[in-house]
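Residue numbers (this note's numbering): 1 to 435.
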């Protein structure tokens with residue numbers, strides 16, 4: 001049997017007519033995140049190209065680099081509990097941005113001194129990944145009070161759209177910068193983007209209720225972490241979303257960005273500029289997906305939109321594996337697959353993130369985000385490492401096919417949950433439980 005219950009609201013909503021286009025706080029934060037996302041796209045291309053082109057890294061070494069970026073998420077359960085217990089989520093986000101900027105700056109300095117090594121690349125990946133976990137767990141509470149509940153989908157759509165735009169221009173510019181100035185120098189752009197983000201986040205003030213700041217002095221860190229994990233495991237919508245996202249992340253990271261770059265370089269024989277161009281052209285699908293997500297959700301329901309996105313995101317990876325022929329065909333296939341995949345992941349992310357934000361109580365937000373990300377993002381290093389081994393043993397093309405097929409299977413978790421029956425954020429059908 002299914003019943004309907006109202007979703008939890010973190011605060012009283014503002015009138016629906018109060019558009020986010022007139023919300024200066026949101027626009028300021030949105031601008032900072034847009035700049036930061038643009039810089040990230042450059043580094044995501046520059047780091048593996050630095051490992052491959054300058055340091056002559058193997059498939060396993062490139063996979064390890066990707067894995068180390070996500071390994072700190074294994075600590076997300078406890079970092080989230082720590083963040084939830086601290087006031088000033090905005091200050092934590094600001095410090096995380098400045099820390100990442102400082103770490104990234106060590107790469108161009110070391111390159112200038114001719115001392116850059118794979119060990120330094122690994123350290124940079126690990127440290128920036130740790131700061132990202134702190135930023136993201138603080139962000140969950142910050143975002144919930146930056147905009148009203150009825151604007152969650154619109155706000156996530158805008159943030160995701162700018163992220164998708166960064167996938168268009170970022171890789172293209174990044175590929176050009178790497179080719180013209182070398183990869184370590186290109187990383188400098190990402191460091192500066194974190195400085196800009198820190199400035200704008202620091203100027204975006206959000207009033208957080210007391211219960212969202214402290215979980216109570218009597219509770220230990222492990223106890224607070226346990227409460228966040230318990231909510232994730234027992235709330236049926238959040239649990240199903242986690243199982244789907246974790247499956248997706250594991251299989252898509254078998255063919256993570258590092259191996260895709262390696263495949264495009266060594267199997268498709270594309271130049272760094274061409275690789276960046278293909279990723280940039282393909283990322284227009286992300287912009288369209290982010291912008292169209294609210295309309296698609298209204299048309300077919302937010303739950304069904306999530307299911308469609310979960311399938312459309314991984315399936316096109318198989319197209320990349322099948323790429324062959326002249327250069328323009330290989331380049332076009334890579335771009336088309338990236339287009340479809342980016343559309344799918346935005347359709348999934350915008351709607352699933354909005355739905356889950358509506359369900360989580362204020363006092364648990366960072367803890368739930370930490371627990372969620374420990375599992376969801378923590379599986380990414382495992383996927384990346386297994387992907388490297390699979391690519392070494394069976395080849396890159398086989399690895400891409402396995403990633404596509406396994407990723408599509410993630411939709412099974414959604415189909416067995418209440419999610420497909422949810423049409424809007426106002427009310428969600430959930431399975432009734434008897435004690």
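From the three backbone atoms N, C-alpha and C, an ideal C-beta is built for every residue, glycine too. Quick caveat, the model's predicted, so the values are computed rather than measured.
- Taking 8 Å as the cut-off, the Cβ atoms of residue 254 and residue 62 do not count as close.
- Less than 8 Å separates the beta-carbon of residue 365 from that of residue 84.
- Here residue 127 has 103 as same chain residues with Cβ atoms under 7 Å from its own Cβ, once five neighbours each way along the sequence are excluded.
- In the structure shown, residue 154 adopts helical secondary structure according to DSSP, grouped into three states.
- Here residue 317 is not near residue 259, since their CB atoms are 8 Å or more apart.
- In the same chain as residue 38, and ignoring 5 residues on each side of it, the C-beta atoms closer than 7 Å to its own belong to 166, 169, 170 and 193, in chain order.
- If you look at residue 124, you'll find it in the alpha helix (DSSP H) that goes 118-146.
- Per DSSP, the continuous alpha helix (DSSP H) segment holding residue 111 begins and ends at 89-112.
- The shortest CA-to-CA distance from residue 363 to any of 118, 138 and 21 is the one to 138.
- Inter-residue distance for residue 19 and residue 297 is about 19 Å (C-alpha atoms, whole angstroms).
- Less than 8 Å divides the Cβ of residue 403 from the Cβ of residue 251.
- For the options 284, 77 and 105, the alpha carbon positioned closest to that of residue 186 is the one of 105.
- By alpha-carbon distance to residue 329, the top candidate from 284, 268 and 345 is 268.
- Distances from the CA of residue 94 to each of 205, 82 and 421 were compared; the closest alpha carbon is that of 205.
- Cβ neighbours of residue 414 within its own chain (closer than 7 Å, five residues either side excluded): 240, 244, 306, 307, 310 and 420.
- The shortest CA-to-CA distance from residue 353 to any of 120, 111, 276 and 159 is the one to 159.
- Shown here, residue 235 sits in coil according to DSSP, grouped into three states, outside any helix or strand.
- The closest CA to that of residue 377, considering only 77, 392, 286 and 221, is found on 77.
- Residues 302 of the same chain have their beta carbon placed closer than 7 Å to that of residue 424, with the five preceding and five following residues left out of the count.
- It is roughly 12 Å from the alpha-carbon of residue 26 to the alpha-carbon of residue 144.
- Positions of the alpha helix (DSSP H) runs, each at least 4 residues long and wholly inside the segment 65-90, are given as 76-84 in order along the chain.
- With a threshold of 16 other beta carbon atoms within 10 Å, residue 32 meets it and is buried.
- Measuring C-alpha to C-alpha distances from residue 397 to each of 43, 70, 321 and 114 identifies 321 as the nearest.
- By the Cβ-count criterion, residue 133 is buried, with 16 or more other Cβ atoms from all chains shown falling within 10 Å of its own Cβ.
- The Cβ atoms of residue 294 and residue 157 lie closer than 8 Å to each other.
- With contact defined as three or more Cβ pairs closer than 8 Å, the segment 381-395 and the segment 62-72 are in contact.
- Cα atoms of residue 109 and residue 387: separation of roughly 32 Å, rounded to the nearest angstrom.
- Straight-line measurement puts the Cα of residue 341 at about 10 Å from the Cα of residue 289.
- With 16 or more other Cβ atoms from the protein chains shown falling within 10 Å of its own Cβ, residue 100 counts as buried.
- Here residue 40 carries a helix assignment [DSSP, helix/strand/coil].
- When C-alpha distances from residue 266 are compared across 107, 373 and 391, the shortest belongs to 391.
- Going by C-alpha positions, residue 324 is about 10 Å away from residue 334.
- One thing to note: residue 184 has its Cβ within 8 Å of the Cβ of residue 50.
- In the displayed model, residue 271 falls within coil according to three-state DSSP, outside both helix and strand.
- Here residue 178 has 46, 49, 186 and 272 as same chain residues with Cβ atoms under 6 Å from its own Cβ, once five neighbours each way along the sequence are excluded.
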